[in-house]
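Visitor:
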Amino acid sequence: MTQMPVLRWPAEAIWEAVAPLLPGFTVEILPEIDSTNTELMRRARAGRLDPLLLVAETQTAGRGRLGREWHSATADSLTFSLALPLTPPDWSGLSLAVGVSVAESLHPAIGLKWPNDLWWQERKLAGILIETATFGGQRYVVIGVGMNIAPREAPGLSTPPAGLQELMPDMDAPKTLLRLATPLVQAILAFEASGFAPFAARFNARDVLCNREVRLSDGLQGMGHGVDETGALLVHTATGMKHVTSSEVSVRPQPAVKP
Ligand code: BTN
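Be aware that the sequence shown starts at -3, since it is given in our numbering, and climbs by one per residue.
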């Protein structure tokens, strides 16, 4: 017997809004998969490159950045990936542009922590995992988003993640997806046409590291100063302003220094 999704997903409404923007676009909801990013890359390797929004109610092997695992609970989280052929002249800043779009679709109080986490009240609300590959000479991107909808325990984490319902109690995973899917596609197409520059001020308006002491994993310390037009993090250090681009760099706000 085929397992049915446990939530009511607005697949048709999203398809109607997005298909005119992305020819060949489809929406698919799966009750369970290892990882929506992994599945879309598998399909792409098999030659299926049409634009696709793949939502999973449960991921059994969700992946985060830097090889980490991404844990999520069915119905208490939103996990999806959007895959499409994309040919921007410059890829820098794509994940930041995605964060800007998702945050703007939801709530003015949602912050962005460079490079691509959504934060609320000092806690992580959502993460973004972008992967690209070339198939038959065509560049293809998979944009994965994982968002906590209900607040949840996270044993082992020093700070429990935030849940969207703490900020927007009426939201569930399907409503959240409906709100953000079409603006996200529009943002990606805008990025393809014009790059990150038009998103920079919008990112900076939500930058949670701005004017805070930050420490990078390579030992660099300084004051967060927003991002530049390519999406590099500006850090004001003792030896001048640094433009930080490496995705291997982790940035942690330090506790405020007491006078
Ligand atoms: C991070 O913050 O490290 C990124 C997390 C990205 C998680 C999402 S959930 C949907 C998609 N499928 C995955 O396996 N990962 C991304």
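We treat Cβ as the ideally placed atom computed from N, Cα and C, and that holds for glycine.
Being a predicted model, the structure only gives us computed values, none of them experimental.
Would the beta-carbon of V138 fall within 8 angstroms of that of N207?
Guide: Taking the sequence shown and counting its residues from 1, the one referred to as residue 138 is at position 142. Taking the sequence shown and counting its residues from 1, the one referred to as residue 207 is at position 211. Not in contact: V138 and N207 (Cβ atoms no closer than 8 angstroms).
Visitor: Can you tell me which residues form a DSSP beta bridge with F199?
Guide: For the purposes of this step, residue 199 is taken as the residue at position 203 of the sequence shown. Answer by DSSP bridge pairing: none, since F199 is not bridged.
Visitor: Does DSSP classify M167 as helix, strand or coil?
Guide: For this step, residue 167 is matched to residue 171 along the sequence shown. Correct three-state label for M167: coil.
Visitor: Identify whether L102 lies in helix, strand or coil by the three-state DSSP scheme.
Guide: Walking along the sequence shown from the start, residue 102 turns up at place 106. Helix.
Visitor: May I ask whether a heavy atom of ligand 1 can be found less than 7 angstroms away from the beta carbon of Q55?
Guide: Against the sequence shown, residue 55 aligns to sequence position 59. Checking the Cβ of Q55 against ligand 1 gives yes.
Visitor: Consult DSSP for A13 and reduce its assignment to one of helix, strand or coil.
Guide: The residue you call residue 13 lines up with position 17 of the sequence shown. It is helical.
Visitor: Nearest CA to the CA of G191: which residue from E28, R4, L36 and S91?
Guide: Here residue 191 is taken as the residue at index 195 of the sequence shown, counted from 1. Closest by alpha carbon: S91.
Visitor: Do the segment 122 to 141 and the segment 60 to 80 make contact, defined as three or more Cβ pairs closer than 8 angstroms?
Guide: yes
Visitor: Could you tell me whether the segment 42 to 53 touches the segment 13 to 31, using the rule of 3 or more Cβ pairs below 8 angstroms?
Guide: Yes, they touch.
Visitor: Between the C-alpha atoms of L114 and A177, what's the straight-line distance to the nearest angstrom?
Guide: By one-based count along the sequence shown, residue 114 stands at place 118. By one-based count along the sequence shown, residue 177 stands at place 181. Whole-angstrom Cα-Cα distance: 16 angstroms.
Visitor: Give me the Cα-Cα distance between D214 and S242, rounded to the nearest whole angstrom.
Guide: Start at 1 with the first residue of the sequence shown, and residue 214 comes out as number 218. Start at 1 with the first residue of the sequence shown, and residue 242 comes out as number 246. Whole-angstrom Cα-Cα distance: 10 angstroms.
Visitor: Looking only at C-alpha atoms, which of W116, V94 and P111 sits nearest to A104?
Guide: Counting from one through the sequence shown, the residue named residue 104 turns up at place 108. Reading off the sequence, residue 104 comes out as Pro, not Ala. Out of W116, V94 and P111, W116 has the C-alpha closest to the C-alpha of P104.
Visitor: Quick check on this structure: which residue in L36, P27, L174 and A197 has the alpha carbon closest to the alpha carbon of W11?
Guide: Taking the first residue of the sequence shown as position 1, residue 11 is located at position 15. Selected option, being the one with the closest Cα: L174.
Visitor: So, are the CB atoms of V2 and A71 less than 8 angstroms apart?
Guide: Residue mapping note: residue 2 aligns to position 6 of the sequence shown, counting from 1. Residue mapping note: residue 71 aligns to position 75 of the sequence shown, counting from 1. It is a contact, given that the beta carbons lie within the stated cut-off.
Visitor: Going by the C-beta, is G152 closer than 7 angstroms to any heavy atom of ligand 1?
Guide: Taking the first residue of the sequence shown as 1, we reach residue 152 at position 156. No.
Visitor: Tell me which residues share the same chain as A183 and place their Cβ nearer than 8 angstroms to its Cβ, disregarding the 5 neighbours each side in the sequence.
Guide: Counting from one through the sequence shown, the residue named residue 183 turns up at place 187. Cβ within range, chain order: A93, V94, V96, S97 and F195.
Visitor: Under a three-way DSSP split, which group does P6 fall into?
Guide: Counted from its first residue, the sequence shown places residue 6 at position 10. Residue state, collapsed to three classes: coil.
Visitor: Measuring only from the beta carbon, is I124 closer than 7 angstroms to any heavy atom that is part of ligand 1?
Guide: As a working note, residue 124 is residue 128 in the sequence shown. Yes, the beta carbon of I124 sits closer than 7 angstroms to at least one heavy atom of ligand 1.
Visitor: With DSSP collapsed to three states, give me the class of G222.
Guide: On the sequence shown, position 226 is the one that residue 222 refers to. Of the three classes helix, strand and coil, the one that applies to G222 here is strand, per DSSP.
Visitor: Taking 8 angstroms as the cut-off, decide whether the C-beta atoms of L17 and R59 are in contact.
Guide: Sequence index remark: in the sequence shown, residue 17 carries index 21 (1-based). Sequence index remark: in the sequence shown, residue 59 carries index 63 (1-based). Going by C-beta atoms, L17 is not nearer than 8 angstroms to R59.
Visitor: For W5, which residues in the same chain have their Cβ closer than 6 angstroms to its Cβ, ignoring the five residues on either side in sequence?
Guide: On the sequence shown, residue 5 is found 9 positions in, with the first residue counted as 1. Excluding positions up to five away in sequence, the list reads I25 and P170.
Visitor: Report whether the distance from the Cβ of S91 to the nearest heavy atom of ligand 1 is below 7 angstroms.
Guide: By one-based count along the sequence shown, residue 91 stands at place 95. Not under cutoff, so the answer is no.
Visitor: Using DSSP bridges, identify the partner residues of T260.
Guide: Nothing can be reported for residue 260, as the shown portion of the chain is limited to -3 through 255.
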